[in-house]
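Top to bottom, those sequences are chains A and B. Under the numbering used here, residues 7 to 365 are what the first sequence spells out, in order. Under the numbering used here, residues 7 to 365 are what the second sequence spells out, in order. Each residue gets a CB set at the ideal place from its N, CA and C atoms; glycine is no exception. Since the model is a prediction, treat every value here as computed from it, not as a measurement. Notes follow once the structure below has been shown.
2 protein chains.
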Amino acid sequence: MSTQDTTNGPADLSQSRFLKACRGEQTDATPVWLMRQAGRYMAEYRELRKKNTILELIKDPALATEVTMQPIQAFDLDAAIIFADILPPLEGMGLQLEFQKGEGPVIHNPVRTEADVRALRQPDPEEFLHFTLDAIRLTRKELDPRGVPLIGFSGAPFTLASYAVEGGSSRNRVLVKSMMMNRPDLWDIMMTKLAKLAGDYLVAQAKAGAQVLQLFDSWVGELSPYEYENFVLPYSKLALDIAATAGVPVIHFGTNTSGMLPLIQKAGGDVIGVDWRINLDEAWEILGHSTPVQGNLDPVTLFAEWPALEKRAKDVLDRAAGRPGHIFNLGHGIVIETPVDNVRKLVDYIHEYSRTLRG
Amino acid sequence: MSTQDTTNGPADLSQSRFLKACRGEQTDATPVWLMRQAGRYMAEYRELRKKNTILELIKDPALATEVTMQPIQAFDLDAAIIFADILPPLEGMGLQLEFQKGEGPVIHNPVRTEADVRALRQPDPEEFLHFTLDAIRLTRKELDPRGVPLIGFSGAPFTLASYAVEGGSSRNRVLVKSMMMNRPDLWDIMMTKLAKLAGDYLVAQAKAGAQVLQLFDSWVGELSPYEYENFVLPYSKLALDIAATAGVPVIHFGTNTSGMLPLIQKAGGDVIGVDWRINLDEAWEILGHSTPVQGNLDPVTLFAEWPALEKRAKDVLDRAAGRPGHIFNLGHGIVIETPVDNVRKLVDYIHEYSRTLRG
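Take a look at the structure:
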């Protein structure tokens, strides 16, 4: 990364590897970042967590900035992603969120009835998510001299709805799917609010300084293509249409989407993120090579000893074949116990080997 | 179903709807059965469970027969599946299995070290799984007069290995994938034993009277196509090759396989089972229409009110387009709280509507 002159305001990183790849332009090497790259696998993060809950880290802009920068200081990553979570936006709608130890996130007043749906507020992210917007502004000051762009993100309407209705994680998602199937009228009200919230939040993050945005639909792969097309796609599209007004590249990511990639693409996004359950070359062929792609190493591969990990990383890069518009990433977030040394080696290897694949 | 004459030995059900569809032959209506059709959503089953643990029901041939017959008595299903579980075979290898309340299955001595792998026995299913083989013999006597064929089944090597190594269910399957990536030598020993066990067990069930066999690879969709092809497919193929010697149709089922259906097919099986994460017509086109398919309604759809459920069942049948070789099923097992009345309506609707799709 070249050092930028920031004496005259924010840096222009439009020619950075990551932004060029988001636009489908050729780069000297494949850019790489890793979902959940700031997190518990790093000792620096665990140290901060001793004194702070997750929500405390997220809601203190200085601490969120510190966490965001930890992997950037440790590894040669091509992008930072603001340390935040997909769930705090639900607090602005009136839901009571708690991260319980060992239980994961819990919503104490889940959305189950018509009254619950109608009571959901349509919040203004500029007001109630100011902590993340402030963290973005602070982080940009740290990142600009390094020439590293910053990603802002939001949960997608279906993934947010799953948490809001189920009240936490859920094996079969019977409650959220039941509302979708049996009360399409309520579903429409809730999903429209969630789509506007996600879209507005992404735009606000771009205004605060995020140079790329990502919509996370982590749970969308629990749906059939039929349900996705009829009950989710219109709302993801609304969120992505709003986000597109920010004028920065938008990545649209989901897991378990191998059987419905054309629908994910139809919903929108400049870059499509794919998980590891499909070969990258096959996914890219389905999407068409003019659409940039992000992915797609199984996060658990990072538990392999280096020769096995190298082989699998090489396989992903070989399938991308040095084509412009590939952003290397995992197929989902880094797993908690991941060996840090493997992360370092992987990031360096992606740059080194991908250079050799350029014409 | 026509009543069969069983005075001269076991009934020949080769012309039943289900067996014809397994061979890709045209039938008057689409045959239907439902994964986990005997289970907790039925009051009759819950009644038996009050006095018996799951393992007690499985290991008592008379009780296993009674449970197997419960959905056959309640619904117009085209096949029964023996009441059993994929995990008891692991006991024959030396693993200590327990179904803990609310926790699901637990293996008290999971396979973690080289010594653990080498200590795994290669058991003879005829000996240590005699209870299920006896249950198959008993159940056939109940089913033959009704003209309903019986399915025997086994877990596939990777799904069995996941339980054996993780010791229970697991979010990321770090331990089993780590052994696969880092100790291919041990992996080969364990997977070869599991493949032989699965294959032998399927053959034993056919000999005892099962007219169709199913290999369940419920967790295979956590793998990348790369891992599946190199580290799992050869062992699934070994199990399926052994099963094929029984001379009855074999169904090969996995979930989350949308991105690697050709590899699942390459491993073997006369019928390929697909989950709901891909449209049935697209899956069938990938597999080729000469391969019979089984699937693929989202089990949670059974929580819909009838008009919505009917619409989705119709969509699956319309995508099958009345082609020979479609077996209607859910994309995975019935969910515990499923409304019984919807099961009845669904089974009847599949028969009624699919008749109208025949040329």
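Cross-strand partners of residue i (DSSP beta bridge)
i         : result
Glu104(B) : Val112(B)
Ala86(A)  : Leu156(A)
Glu220(B) : Note that residue 220(B) corresponds to Gln in the displayed sequence, not to Glu. In the DSSP output, where bridge partners are listed per residue, Gln220(B) has Phe159(B), Ile257(B).
Phe334(A) : Val38(A), Gly301(A)
Partners in chain A for residue i, counting only beta-carbon separations shorter than 9 Å
i         : result
Pro231(B) : Trp282, Arg283, Ile284, Asn285, Glu288
Identity of the residue in the options nearest residue i by Cα
i         : options                                    : result
Val299(B) : Glu316(B), Ile257(B), Gln102(B), Asn262(B) : Ile257(B)
Pro231(A) : Gln102(B), Tyr355(B), Asp321(B), Pro255(B) : Asp321(B)
Gly301(A) : Phe309(A), Pro116(A), Leu293(A), Trp282(A) : Trp282(A)
Glu97(B)  : Leu200(B), Asp287(B), Glu311(B), Met185(B) : Leu200(B)
Gly15(A)  : Arg143(A), Ala326(A), Phe137(A)            : Arg143(A)
Asp223(B) : Asp140(B), Gln211(B), Ser242(B), Val209(B) : Ser242(B)
Gly294(A) : Glu316(A), Ala319(A), Ala326(A), Arg318(A) : Ala326(A)
Ala210(B) : Val254(B), Asp18(B), Ala68(B), Thr119(B)   : Val254(B)
Asp287(A) : Leu269(A), Val123(A), Leu323(A), Asp247(A) : Leu323(A)
Lys251(A) : Lys202(A), Glu53(A), Leu336(A)             : Residue identity differs from the one stated: residue 251(A) is Thr in this sequence, not Lys. Checked all of Lys202(A), Glu53(A), Leu336(A); the closest Cα to Thr251(A) is Lys202(A).
Ala121(A) : Thr362(A), Val180(A), Gly100(A), Leu135(A) : Gly100(A)
Val238(B) : Ala162(B), Ala86(B), Met48(B), Arg179(B)   : Ala162(B)
Ile401(A) : Ala273(A), Met48(A), Gly260(A), Thr297(A)  : Since the first residue of chain A shown is 7 and the last is 365, residue 401(A) is not available in this structure.
Ala364(B) : Val353(B), Pro330(B), Ser168(B)            : The sequence as given places Arg at residue 364(B); Ala does not occur at that position. Of the candidates Val353(B), Pro330(B), Ser168(B), the one whose C-alpha sits nearest the C-alpha of Arg364(B) is Pro330(B).
Gly173(B) : Ser160(B), Phe105(B), Ile78(B)             : Phe105(B)
Met186(A) : Asn58(B), Arg318(B), Ile248(B)             : Arg318(B)
Glu72(B)  : Asp84(B), Asp82(B), Arg52(B)               : Arg52(B)
Ser360(B) : Arg152(B), Arg23(B), Arg189(B)             : Arg23(B)
Ser296(A) : Val171(A), Asn178(A), Gln32(A), Asp18(A)   : Gln32(A)
Arg189(B) : Pro131(B), Leu221(B), Thr119(B), Asp206(B) : Thr119(B)
9 Å Cβ cut-off: residues of chain B touching residue i
i         : result
Lys107(A) : Within chain B, no residue comes near Lys107(A); the closest Cβ sits about 16 Å away, beyond 9 Å.
Val349(A) : Going along chain B, no residue has its Cβ under 9 Å from Val349(A), so there is no contact; the nearest lies around 15 Å.
Met197(A) : Within chain B, no residue comes near Met197(A); the closest Cβ sits about 16 Å away, beyond 9 Å.
Asn188(A) : Phe309, Ala310, Glu311, Ala314
8 Å Cβ cut-off: residues of chain A touching residue i
i         : result
Glu132(B) : Within 8 Å Cβ-Cβ: nothing; Glu132(B) doesn't reach chain A, min ~36 Å.
Chain-ordered chain B contacts of residue i [CB-CB under 8 Å]
i         : result
Ser184(A) : Val306, Phe309, Ala310
Glu343(A) : Val180
Asp321(A) : Tyr232
Under 7 Å by beta carbon: chain B residues contacting residue i
i         : result
Ser264(A) : Ser264, Gly265
Met48(A)  : In chain order: nothing, as chain B lies at least about 17 Å away.
Gly45(A)  : Those within 7 Å of Gly45(A) in chain B number zero; the least Cβ separation is about 14 Å.
Gly227(A) : Arg283
Neighbouring residues, chain A, relative to residue i (Cβ below 7 Å)
i         : result
Arg318(B) : Tyr232
Quick one: any contact between the region 276 to 289 of chain A and the region 142 to 153 of chain B, if contact means 3 or more CB pairs under 8 Å?
no
Can you find at least 3 beta carbon pairs, one from the region 294 to 308 of chain A and one from the region 340 to 352 of chain A, that sit closer than 8 Å?
yes
If we require 4 or more residues per run, which alpha helix (DSSP H) segments fall completely within the region 144 to 208 of chain B?
Here the runs fully enclosed are 163 to 172, 180 to 188.
Are at least three pairs of beta-carbons, each pair with one atom in the region 185 to 198 of chain B and one in the region 264 to 275 of chain A, less than 8 Å apart?
no
Length at least 3, wholly inside the region 229 to 276 of chain A: the beta strand (DSSP E) runs in chain order
Counting whole runs of 3 or more residues, the region 229 to 276 of chain A contains the beta strand (DSSP E) stretches 256 to 260.
In chain order, which continuous runs of the alpha helix (DSSP H) of length 4 or greater are located wholly inside the region 279 to 309 of chain B?
If only uninterrupted alpha helix (DSSP H) runs of at least 4 residues are considered, those enclosed by the region 279 to 309 of chain B are 286 to 293.
How do the region 206 to 221 of chain A and the region 151 to 162 of chain A stand: do at least 3 beta-carbon pairs fall below 8 Å, yes or no?
yes
Touching or not, the region 113 to 120 of chain A and the region 40 to 53 of chain A, by the rule of three or more beta carbon pairs under 8 Å?
no
Can you find at least 3 beta carbon pairs, one from the region 123 to 141 of chain A and one from the region 223 to 240 of chain A, that sit closer than 8 Å?
no
Touch test, the region 346 to 354 of chain A against the region 308 to 319 of chain A, Cβ-Cβ under 8 Å, three pairs minimum
yes
Segment contact flag, the region 75 to 93 of chain B with the region 135 to 142 of chain B, C-beta cutoff 8 Å, min 3 pairs:
yes
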